[in-house]
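Using our numbering, the letters of the sequence shown correspond one by one to residues 25 to 404. Every residue, glycine too, gets a C-beta built ideally from N, C-alpha and C. Data block below; observations after.
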Amino acid sequence: MKKRIAVLGCGRIGAAIARDLAGDNDLEVCVFDASEKNLASVRASATVRTEIADLADIPALSAKLTPFDAVAGALPSRLGFDALKAIAGLGKPCADISFMIEDPRQLDDLARASGATIVYDCGVAPGLANICIGRSHAELDALDDVVYYVGGLPWRRQWPFDYKAPFAPSDVIEEYTRPARMIENGATVVKPALTEPELLDFPQVGTLEGFNTDGLRSLLDTIPARNMREKTLRYPGHCALMRAFRETGLFDTSPMRVGDADIRPIDMTSKILADMWLLEADEPEFTVLRVIVEGTREGRRERHTYDLFDERDAATGMSSMARTTAFPCTIVARMLAQGQLRAPGVHPPEWIGGQSQAYETLIEGLRRRNVHVARTQTEL
Numbered sequence: 025m026k027k028r029i030a031v032l033g034c035g036r037i038g039a040a041i042a043r044d045l046a047g048d049n050d051l052e053v054c055v056f057d058a059s060e061k062n063l064a065s066v067r068a069s070a071t072v073r074t075e076i077a078d079l080a081d082i083p084a085l086s087a088k089l090t091p092f093d094a095v096a097g098a099l100p101s102r103l104g105f106d107a108l109k110a111i112a113g114l115g116k117p118c119a120d121i122s123f124m125i126e127d128p129r130q131l132d133d134l135a136r137a138s139g140a141t142i143v144y145d146c147g148v149a150p151g152l153a154n155i156c157i158g159r160s161h162a163e164l165d166a167l168d169d170v171v172y173y174v175g176g177l178p179w180r181r182q183w184p185f186d187y188k189a190p191f192a193p194s195d196v197i198e199e200y201t202r203p204a205r206m207i208e209n210g211a212t213v214v215k216p217a218l219t220e221p222e223l224l225d226f227p228q229v230g231t232l233e234g235f236n237t238d239g240l241r242s243l244l245d246t247i248p249a250r251n252m253r254e255k256t257l258r259y260p261g262h263c264a265l266m267r268a269f270r271e272t273g274l275f276d277t278s279p280m281r282v283g284d285a286d287i288r289p290i291d292m293t294s295k296i297l298a299d300m301w302l303l304e305a306d307e308p309e310f311t312v313l314r315v316i317v318e319g320t321r322e323g324r325r326e327r328h329t330y331d332l333f334d335e336r337d338a339a340t341g342m343s344s345m346a347r348t349t350a351f352p353c354t355i356v357a358r359m360l361a362q363g364q365l366r367a368p369g370v371h372p373p374e375w376i377g378g379q380s381q382a383y384e385t386l387i388e389g390l391r392r393r394n395v396h397v398a399r400t401q402t403e404l
């Protein structure tokens, strides 16, 4: 009997999740979204059921999810937590990429009581990066230094920003203004975003620049390491420009009086950048991820390096950011629906990396979708 999976949200990533799941003959897929335009787009390219739904109406959503065997969540972050709470209460297994501000582990007791197995942050970073770190943590006796670098960029550099994104500018600006938490000498420290820039070379694209951002999330308390940080990658020069914007006050959220109007500088900046940072649907772009874990095993020091480089799929038109974010979620959702992952509670993605079979299933699933994670291991 086919398993039934509900996909919540039909934006770029939700649509990519639905299309991928629909390719499995053992699954029946239904996509819920408030936009008929979004649903019509996914119907045109995949054999799925669709249903208009107000995904903020939690009682109605709970009723709709009752017949399903599993859920894949791809909602805006503001809706993610309440939806996940409903899913946990229903006892449904779920893979989620809503990247909510709240800590989903608040729902762990509810999920355990109902028997729901929930894995959140199932994207690329957070997501795949955590899974790689979790695998090394399971293999090594102790972790000394952990760092991961990640970025999605257009192939064509265009002055003055050398940057475009499929996200709203306000979401990107949040990365540049939120203080970055990291681990140094075993303690959590906080530094401003856009600090400690460093240059790294990647064989496919040349030199990129990494700088501190607040991307560790659950890793801050699930993986014991002496030092750990996350850095966002951009073309060299972008970081300094964004620091100038921030220090000038262009990212401020407090209103200021301009003539007869009160204006928040961040709203004005986001409006200006909306077109300049817009990544066109067919624009060539790439995603790069590098995870480096150094630690000890049986008294010997080792370095594990995981490298991913992915480009827009010209055949399907699916962007690299959609591919690398959606596919980890769909692979985990399949494992949950088929009962291959069953541990009631709310789990961060590094939990997947801690299980060798689940890790191998995910990496092989990515490989079949032409998303490749190259791992190297060296003694230090």
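CA nearest to the CA of residue i, picked from the options
{"i": "residue 390", "options": "402, 358, 370", "result": "358"}
{"i": "residue 233", "options": "239, 224, 241, 240", "result": "224"}
{"i": "residue 339", "options": "315, 328, 324, 306", "result": "306"}
{"i": "residue 399", "options": "393, 191, 384", "result": "384"}
{"i": "residue 381", "options": "155, 328, 394", "result": "155"}
{"i": "residue 88", "options": "39, 116, 38", "result": "116"}
Neighbourhood of residue i by C-beta distance below 6 Å, restricted to the same chain and skipping five residues each side
{"i": "residue 93", "result": "27, 28, 361"}
{"i": "residue 189", "result": "196, 301, 303"}
{"i": "residue 242", "result": "372"}
{"i": "residue 169", "result": "251, 318"}
{"i": "residue 397", "result": "330, 332, 387"}
{"i": "residue 73", "result": "54"}
Sequence-distant residues of the same chain with beta carbon closer than 7 Å to residue i, five excluded per side
{"i": "residue 132", "result": "369, 370"}
{"i": "residue 135", "result": "112, 142, 368, 369, 370"}
{"i": "residue 324", "result": "403"}
Buried or exposed (CB count within 10 angstroms, at least 16 for buried), residue i
{"i": "residue 375", "result": "buried"}
{"i": "residue 322", "result": "exposed"}
{"i": "residue 355", "result": "buried"}
{"i": "residue 52", "result": "buried"}
{"i": "residue 282", "result": "exposed"}
{"i": "residue 341", "result": "exposed"}
{"i": "residue 262", "result": "buried"}
{"i": "residue 90", "result": "exposed"}
{"i": "residue 293", "result": "buried"}
{"i": "residue 120", "result": "buried"}
{"i": "residue 365", "result": "buried"}
{"i": "residue 246", "result": "buried"}
C-beta atoms of residue i and residue j nearer than 8 Å
{"i": "residue 217", "j": "residue 237", "result": "yes"}
{"i": "residue 174", "j": "residue 140", "result": "no"}
{"i": "residue 280", "j": "residue 207", "result": "no"}
{"i": "residue 77", "j": "residue 105", "result": "no"}
{"i": "residue 267", "j": "residue 187", "result": "no"}
{"i": "residue 290", "j": "residue 276", "result": "yes"}
{"i": "residue 405", "j": "residue 326", "result": "Outside the displayed span of the chain (25 to 404) sits residue 405, for which this structure offers no information."}
{"i": "residue 240", "j": "residue 220", "result": "no"}
{"i": "residue 377", "j": "residue 159", "result": "yes"}
Does the contact criterion of 3 or more C-beta pairs under 8 Å hold for the segment 335 to 353 versus the segment 300 to 315?
yes
Between the segment 118 to 125 and the segment 50 to 62, are three or more C-beta pairs nearer than 8 Å?
no
Cβ pair count under 8 Å reaching 3, the segment 344 to 352 against the segment 143 to 160:
yes
Cβ pair count under 8 Å reaching 3, the segment 91 to 106 against the segment 34 to 51:
yes
Between the segment 205 to 215 and the segment 266 to 281, are three or more C-beta pairs nearer than 8 Å?
no
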